[in-house]
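S.K.: Structure in structure tokens, see below.
Residue numbers (the numbering used here): 1 to 70.
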């Protein structure tokens with residue numbers, strides 16, 4: 001399964017988690033593709049609720065602060 005297929009399959013599940021404001025595909029420090037879960041504030045509760053791996057892809061929690069439309 002490609003990372004794009006994984007996002008199509010599981011992206012909405014991540015968005016249902018309270019505190020998640022977005023999801024995307026990013027690159028780890030090592031250059032590997034990863035899923036990024038964007039949150040307004042990174043908390044221990046979110047770190048427990050958001051899985052660290054989905055279908056073999058690493059999931060990174062990225063604190064963005066509040067996101068507003070411009």
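Note that CB positions come from ideal geometry on N, CA and C, so glycine has one too.
In this text, all values refer to a predicted model and were calculated from it rather than measured experimentally.
#1: Where in the stretch 40-69 do unbroken runs of the alpha helix (DSSP H), each at least 4 residues long, occur, reported from the N-terminal end onward?
#2: Would you say residue 1 and residue 40 are within 7 Å of each other, going by their C-beta atoms?
#3: In three-state terms, what does DSSP make of residue 36?
#4: Pull up the distance between the alpha-carbon of residue 30 and that of residue 21, whole angstroms please.
M.R.: Quick look at the numbers:
#1: Secondary structure within the stretch 40-69: the alpha helix (DSSP H) runs of 4 or more consecutive residues, fully enclosed, are 44-49 (chain order).
#2: No.
#3: Correct three-state label for residue 36: strand.
#4: Taking the CA atoms as reference points, residue 30 sits about 25 Å from residue 21.
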